[in-house]
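Below: one structure, written as structure tokens.
In the numbering used here, the protein residues as written are 14 to 450.
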């Protein structure tokens, strides 16, 4: 069951990121420019421990000052090239990300404008603001510091591991003996963080929605003396958000601490078995490496392990950011997937210009709980029941009734702000035929 849930979560995250590609595709030039620099950054990161190994094993024992100076200049050049390449990469990737986020914000606002009025009755304004602002900001943070930097880290780790295997596959296997445990932990924490971050986004949206409603109607709250009730409700929503955030932070901290401990243990394991092999070729590791283990090689491996585990340790923070983005994308696409209401193009010619027919309403029934359900079965009260009337072109009709009798609802139906009614609302043409609204 857990494995199925994990697979579903991974698939969902992957599908969400694929859907977001439609916003990133127009800016793929900047995206691909940033990704093209990744091999150069990985190469410069990989070459520095090799230069250090060469200095320790060759130049220093030979007391060759010229070789040391050349190695130092090469080391400095590698650092400068990596710095320039990384700066260019960050600029290109962040520009692509910000442009995609701009397009997403515009798409969300455009979509909200075309949603039916019924949608705003069921969704608090604060929740919509949360999806349009904080959720989009969380996604932008991921694009800037999460997804693309993880791609760089993956290529860098691959290059480092390849170099380690070439230098000594025995030391590499010894150093990575705990990697299966690391993989299992990351998989489990990834699933847990995804669920927790989704709850954080939901709690934040509900709290923002409640705050917006109370502030917009603060006069009514004060008029009826409901300040204490509003405060208690807001505190309860705040407690929900606080609990979800604290639990997510605990899991994030645990993952970082565990990964940091595993990386330190791997370095200690390497030193524990490799140090005796430097002094005794007859030790089991010395025999396995056929006496090829040198001090420079050991230094290079320690350096490589630090470079491998630094992005892995940082991956815990990036993983939390990515899970926040996945939760935000899920909420954003939940909004974007809401069907828009069909509207007449305001620039299109009026098909009813010069119309001289009538508006005919027969057996009109309506409930705000019906929505688009064909059966009309819902516990919500029926506002309009069996309404019949006809208004000819040019006539002025006054709709009079007590509060709650359905005057506003009737106006919204006739102006097509609401669908889901029962009965018939039609335009009668001059030839007697009817056109349903």
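Where is the CB? At the ideal position from N, CA and C, for every residue including glycine.
This one's a predicted model, so the numbers in the text were calculated from it and none came from an experiment.
DSSP state of residue i mapped onto helix, strand, coil
{"i": "residue 435", "result": "strand"}
{"i": "residue 401", "result": "strand"}
{"i": "residue 103", "result": "helix"}
{"i": "residue 415", "result": "coil"}
{"i": "residue 373", "result": "strand"}
{"i": "residue 76", "result": "coil"}
{"i": "residue 23", "result": "Since pLDDT at residue 23 reaches only 47, below the 50 mark, its modelled position is unreliable, and no value is offered."}
{"i": "residue 8", "result": "Residue numbering for the chain in the displayed model covers 14 to 450; residue 8 lies beyond these limits and cannot be assessed."}
{"i": "residue 181", "result": "coil"}
{"i": "residue 276", "result": "helix"}
{"i": "residue 337", "result": "helix"}
{"i": "residue 380", "result": "strand"}
{"i": "residue 323", "result": "helix"}
{"i": "residue 18", "result": "In this prediction, residue 18 has a pLDDT of 45, which is less than 50 and means its spatial position is unreliable; nothing more can be read from the coordinates."}
{"i": "residue 243", "result": "helix"}
{"i": "residue 395", "result": "strand"}
{"i": "residue 93", "result": "helix"}
{"i": "residue 389", "result": "With a pLDDT of only 45 at residue 389, under the threshold of 50, the placement of this residue in the model should not be trusted; the figure read from the coordinates follows. It is coil, neither helix nor strand."}
{"i": "residue 231", "result": "helix"}
{"i": "residue 441", "result": "strand"}
{"i": "residue 477", "result": "Nothing about residue 477 can be reported from this structure: the residues present for the chain run from 14 to 450 only."}
For residue j and residue i, the rounded distance between their alpha carbons
{"i": "residue 31", "j": "residue 164", "result": "16 Å"}
{"i": "residue 247", "j": "residue 411", "result": "43 Å"}
{"i": "residue 228", "j": "residue 255", "result": "21 Å"}
{"i": "residue 181", "j": "residue 210", "result": "41 Å"}
{"i": "residue 440", "j": "residue 37", "result": "45 Å"}
{"i": "residue 436", "j": "residue 233", "result": "37 Å"}
{"i": "residue 127", "j": "residue 58", "result": "51 Å"}
{"i": "residue 240", "j": "residue 223", "result": "13 Å"}
{"i": "residue 175", "j": "residue 338", "result": "32 Å"}
{"i": "residue 448", "j": "residue 344", "result": "38 Å"}
{"i": "residue 276", "j": "residue 322", "result": "6 Å"}
{"i": "residue 307", "j": "residue 268", "result": "34 Å"}
{"i": "residue 251", "j": "residue 242", "result": "14 Å"}
{"i": "residue 466", "j": "residue 415", "result": "Residue 466 lies beyond the stretch modelled for the chain, which goes from 14 to 450, so this question has no answer here."}
{"i": "residue 226", "j": "residue 28", "result": "34 Å"}
{"i": "residue 286", "j": "residue 253", "result": "50 Å"}
Beta-carbon spacing of residue i, residue j below 8 Å
{"i": "residue 177", "j": "residue 317", "result": "yes"}
{"i": "residue 99", "j": "residue 54", "result": "yes"}
{"i": "residue 336", "j": "residue 184", "result": "no"}
{"i": "residue 404", "j": "residue 372", "result": "yes"}
{"i": "residue 62", "j": "residue 313", "result": "yes"}
{"i": "residue 442", "j": "residue 347", "result": "no"}
{"i": "residue 109", "j": "residue 34", "result": "no"}
{"i": "residue 131", "j": "residue 434", "result": "no"}
{"i": "residue 214", "j": "residue 340", "result": "yes"}
{"i": "residue 349", "j": "residue 120", "result": "yes"}
Spatially closest choice to residue i from the options, by CA coordinates
{"i": "residue 352", "options": "125, 78, 36", "result": "125"}
{"i": "residue 375", "options": "394, 131, 399", "result": "399"}
{"i": "residue 273", "options": "315, 130, 325, 448", "result": "325"}
{"i": "residue 129", "options": "381, 67, 64", "result": "381"}
{"i": "residue 418", "options": "429, 431, 408, 378", "result": "378"}
{"i": "residue 218", "options": "80, 425, 142, 179", "result": "142"}
{"i": "residue 266", "options": "172, 331, 287", "result": "331"}
{"i": "residue 106", "options": "253, 28, 427, 40", "result": "40"}
{"i": "residue 195", "options": "173, 271, 145", "result": "271"}
Proximity test, residue i beta-carbon vs the ligand ZN heavy atom, cut-off 7 Å
{"i": "residue 152", "result": "As far as ligands go, the structure on display features none, and thus does not contain the ligand ZN."}
Within the chosen definition, does the stretch 273–289 reach the stretch 185–192 through at least 3 CB pairs nearer than 8 Å? yes
Is it the case that the stretch 195–206 contacts the stretch 73–88, given that we only count it when at least three CB pairs across the two stretches are under 8 Å? no
Any chance the stretch 90–110 sits against the stretch 40–47, with 3 or more Cβ pairs inside 8 Å? yes
Is there contact between the stretch 142–149 and the stretch 114–123, where contact requires at least three CB pairs shorter than 8 Å? yes
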